[in-house]
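Numbering (full-length UniProt numbering), first residue to last: 1 to 901.
All C-beta atoms in this analysis are idealised placements derived from N, C-alpha and C, irrespective of residue type, glycine included.
All values reported here derive from a predicted model rather than from experimental measurement.
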């Protein structure tokens, strides 16, 4: 009959409801039927895809059933964990207790789930039945998961209701409280001392109230060897109550040792079934003694079963010298201590430097959207999505299943979720949606800053979508093709995301990519060879359609809806918009993706090589003025390079400070070690200076300071983006070996760090661009020097307190500008660095935190000549302790996740 039932279930599995699946697993576990693992595995496989439709009770029953059957179905437990966390408010307290017991029973540790369960049960302790109290404490103890409100709430509930508990439930409470107490005593967490005192009080109160009751119920209910062991160990080590211990031992002997002695006597007399009866007693002693072994509490059963065998002249040890019930796999080899918590569970916009900077530059009115995005950036849920999007890199899909060329790219679903988060949070469109309001570019920059800390890859298409708007706006008027550009522009600023590969006219929002550089030229786009021929002869103006033939060495975000590109028209290099779909609804058949680049970093985003074989495109801007058309766009993309590098540096510094705060060495936290403090202070200074740089540049866009934005953005892009790899490396070193593994977030930041210095013009190209702008556009030099001169008085006032060379360095810059072109080009990098450091100092002095500005002057522009090195931490030892403490305090982020034991 059982075979027939099994066959029927296997046949009907796809049609079974979630309740059916739950009932099957629960039923098999209740009846103790564990000889049909294939059926249970099949039912569990089916449950994975339907878990979202399970009622909370059914989820608890599934977890309990699998735990009772000893089946760890990893995929099912993963989705169970995620869904329980998502629906934690729907679950009754008892369901959560069952889930905790089940996960612990199988050793399926899920910190996020146990944190959520701990939070929920700490507020619903009174709703638990007595068994739930014991099982919950047992589960948290087995996994050594500390959650202070949970322990306090359930401990107090156990003390108040000990009379309702069975002997086994009392033993579970004793085991749970004592095991958690043992682990907490070994913690280096500063709050551990207070926790230990509180749990000791709870455990003593419980044992004093419950010990006698346990002894009475143990005899009537038949408490196991392990139950006695857990209570006795707690009484012996935590109360020193010898009378209670004596009573426990007496009851233990009566309940367990006497049957053992009698069984041995029956065996010696050769009575029938004596061997089987004795084996049952020994099996119960063996399994009972090791049943709850992961908690690390020695069991009374081991001691007394060995004593009984010796008493009767038998050897209690096996041939290998271990007790017959000894399980080497069940004993922990070590305790995981002195490890920092994951850097998650915080709001990224709580960063004081960011909050203050946004407010100072007129962006306080955007706090709401920034708080909303910041909460997601710091959450474990979204950080996991970013991790998944980078682990499963984009995959090229040139053809569909019918053989039609589609030039597609397949992404992990998390990539699309991240894109949607960024675009709906207005990281691309905010400034264009509020064009007349002061602070709009500052707020938009802060949104990009937050998104970059979550995932750098999606920020590439978000930046291009943002930066394409000014270039397209000039062509969005007049003519059929111009209406096409206007329609596309409206989609770019909509603040929506649609991942489907369909004409953008059918989508709520669109994204824009870039396809500029070629094999032979790179940044020298004037050497491009791609040719553009008019679709209609004689129509070769802005807004007219062209056929493009050529190749592009780097096409970023090839799944974008359209691409800005450069090609040679009759008048020279011109700018074009090349869509994936033509206005008539047909694919742009001449747009052909050749392959995807395997990059060092930026893994979640796709970059590609593309060929144009009569690709259809629309001219943007005037013929032959393509480079001029993209200049304003480049100001915006370079600004986002600075924002991205700044965000990466700040996150690296925060992670290093967090690690140093929770990691101990040589008797105190790393953050209190002098050398480590100097490095962290330098990381803080570098990151705040970079932050202040882009905030000032965004303000320049808000206030229409086009000349300042043009030159200072190039200066900032050169310097800030080059500092990012240095900061990322030093932050990685602060983590020690932990930071040099792919599992750690620092690995992704380290690989990402060089990108912004390369993209949108590498170092030498940027330096030449700076010199060309200053010499050929004198008004840009005036705008920059005027900005730097505004800080002269501030620097002079601070000179007595913080001797600095700001004014002297500025004089040197002015002298170099007056020198010949050849001399400037020879020292272009040094000149650019001077400009950048002065601009950072000026921004900090005018708009930054006063103590941070003092620290910057003291370390970057000291009056006395110092050894110039690139090693962070070598110049901060001279800072006053007040500045050091202030900088480190500003790095601190409050995490809302439990401390590690």
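May I ask you to verify whether the stretch 466 to 473 touches the stretch 713 to 725, counting CB pairs closer than 8 angstroms and requiring at least 3?
-> Counting Cβ pairs under 8 angstroms, fewer than three are found: no touch.
Going by beta carbon distance, what residues of the same chain come within less than 7 angstroms of residue 576, once the five residues before and after it are set aside?
-> The beta carbon of residue 576 is closer than 7 angstroms to those of 532, 546, 548, 565, 567, 617, 618, 619 and 620 in its chain, skipping five residues each way along the sequence.
How would you label residue 484, buried or exposed, when you count the other beta carbons within 10 angstroms and need 16 or more for buried?
-> Label assigned to residue 484: buried.
Name the one or two DSSP bridge partners that residue 513 has.
-> Answer is 563.
Helix, strand or coil at residue 101 according to DSSP, with G and I counted as helix | Of the three classes helix, strand and coil, the one that applies to residue 101 here is helix, per DSSP.
In whole angstroms, what is the alpha-carbon distance linking residue 26 and residue 134?
-> Computed Cα separation, rounded: 21 angstroms.
Measure how close the beta-carbons of residue 691 and residue 357 come, nearest whole angstrom, since I'm counting them as under 8 angstroms.
-> At roughly 6 angstroms, the Cβ-Cβ gap stays under 8 angstroms, so residue 691 and residue 357 are in contact.
Taking the runs of the alpha helix (DSSP H) that are 4 residues or longer, which of them lie wholly in the stretch 714 to 762?
-> Counting only runs of at least 4 residues, the stretch 714 to 762 fully encloses the following alpha helix (DSSP H) elements, listed from N- to C-terminal order: 745 to 752 and 755 to 758.
What are the residues that DSSP puts in a beta bridge with residue 620?
-> Under DSSP, residue 620 takes part in a beta bridge, and its partners are 575.
Do you know offhand how far residue 478's Cα is from residue 524's?
-> Unreliable placement is indicated for residue 478, whose pLDDT of 48 sits below 50; no coordinate value is reported for it.
According to the neighbour-count rule (16 or more other Cβ atoms, all chains shown, within 10 Å of its Cβ), is residue 123 buried or exposed?
-> Counting Cβ neighbours within 10 Å, residue 123 comes out exposed, since fewer than 16 surround it.
Run through DSSP, which three-state label would residue 608 get?
-> In the structure shown, the three-state DSSP call for residue 608 is strand.
Whose C-alpha, out of 659, 862, 667 and 782, is nearest the C-alpha of residue 340?
-> Here the closest residue by C-alpha is 659.
Backbone CA spacing between residue 794 and residue 633 [nearest angstrom] | Here the alpha carbons of residue 633 and residue 794 stand approximately 34 angstroms from one another.
Any idea what DSSP makes of residue 124, helix, strand or coil?
-> Coil.
Skipping 5 residues on each side, what residues in its chain have a beta carbon closer than 8 angstroms to that of residue 14?
-> Around residue 14, the same chain offers 46 as residues with beta carbons nearer than 8 angstroms, after the five sequence neighbours per side are excluded.
Quick one: what's got a C-beta closer than 8 angstroms to residue 452's C-beta in the same chain, skipping five residues either side?
-> The residues are 459, 643, 644, 647 and 648.
Within 8 angstroms, strictly: CB atoms of residue 40 and residue 80 = Not a contact, by the Cβ cut-off of 8 angstroms.
Can you list, in chain order, the residues of its chain whose CB lies under 6 angstroms from that of residue 90, leaving out five sequence neighbours each side?
-> Taken in chain order, the residues that qualify are 56.
Just the Cα atoms here: how many angstroms apart are residue 600 and residue 751?
-> Going by the C-alpha atoms only, they are around 6 angstroms apart.
Run the CB neighbour count on residue 442, radius 10 Å, all protein chains shown included, and call it buried at 16 or more, exposed below.
-> Buried is the call here.
Near the ligand PLP: residue 136 beta-carbon under 7 angstroms from a heavy atom | The ligand PLP is absent from the structure shown, which contains no ligands of any kind.
So, using beta-carbon positions, are residue 528 and residue 573 closer together than 8 angstroms?
-> For residue 528 and residue 573, yes; Cβs fall inside 8 angstroms.
By Cβ distance below 7 angstroms, which residues in the same chain neighbour residue 767 in space, the five residues on each side in sequence not counted?
-> Cβ contact annotation for residue 767 (same chain, cutoff 7 angstroms, sequence separation greater than five): 718, 828, 829 and 832, in chain order.
What's the gap between the Cα of residue 390 and the Cα of residue 73?
-> The C-alpha of residue 390 lies about 26 angstroms from the C-alpha of residue 73.
Using alpha carbons as the reference points, say which of 536, 579 and 626 lies closest to residue 571.
-> Its Cα nearest to that of residue 571, the residue 626 stands out among 536, 579 and 626.
On the three-pair Cβ rule with 8 angstroms, is the stretch 602 to 615 touching the stretch 679 to 689?
-> Under the 8 angstroms Cβ criterion, the stretch 602 to 615 does not count as touching the stretch 679 to 689, having fewer than three qualifying pairs.
Close beta carbons around residue 813, own chain, < 7 angstroms, minus the five adjacent residues each side | Hits under 7 angstroms: 834, 835 and 838.
Is the stretch 57 to 67 in contact with the stretch 97 to 107, if contact means three or more CB pairs nearer than 8 angstroms?
-> Contact between the stretch 57 to 67 and the stretch 97 to 107 is present, because at least three Cβ pairs lie under 8 angstroms.
Own chain partners of residue 682 with C-beta closer than 6 angstroms, once the 5 adjacent residues on each side are dropped = Only 872, 873 and 876 meet the Cβ criterion.
Within the same chain, show all residues whose beta-carbon is closer than 6 angstroms to that of residue 773, passing over the 5 residues directly before and after it, in chain order.
-> Around residue 773, the same chain offers 711 and 780 as residues with beta carbons nearer than 6 angstroms, after the five sequence neighbours per side are excluded.
Since residue 708 contacts residue 784 with CB under 8 angstroms, what's their CB separation in whole angstroms?
-> That belief holds up - the Cβ atoms of residue 708 and residue 784 are roughly 6 angstroms apart, short of 8 angstroms.
Pair within 8 angstroms by beta-carbon distance, residue 802 and residue 857 | Yes, the pair counts as a contact, with Cβ atoms nearer than the cut-off.
The stretch 408 to 418 in contact with the stretch 382 to 398 per 3-pair CB rule at 8 angstroms = Between the stretch 408 to 418 and the stretch 382 to 398 there are three or more inter-stretch CB-CB distances shorter than 8 angstroms, so the stretches are counted as touching.
Expressed to the nearest angstrom, what Euclidean distance is found between the alpha-carbon atoms of residue 670 and residue 777?
-> Residue 670 and residue 777: Cα-Cα distance of roughly 51 angstroms.
Residue 461, buried or exposed, once every other Cβ within 10 Å from all chains shown has been counted against 16 | Answer is buried; the Cβ neighbour count reaches 16.
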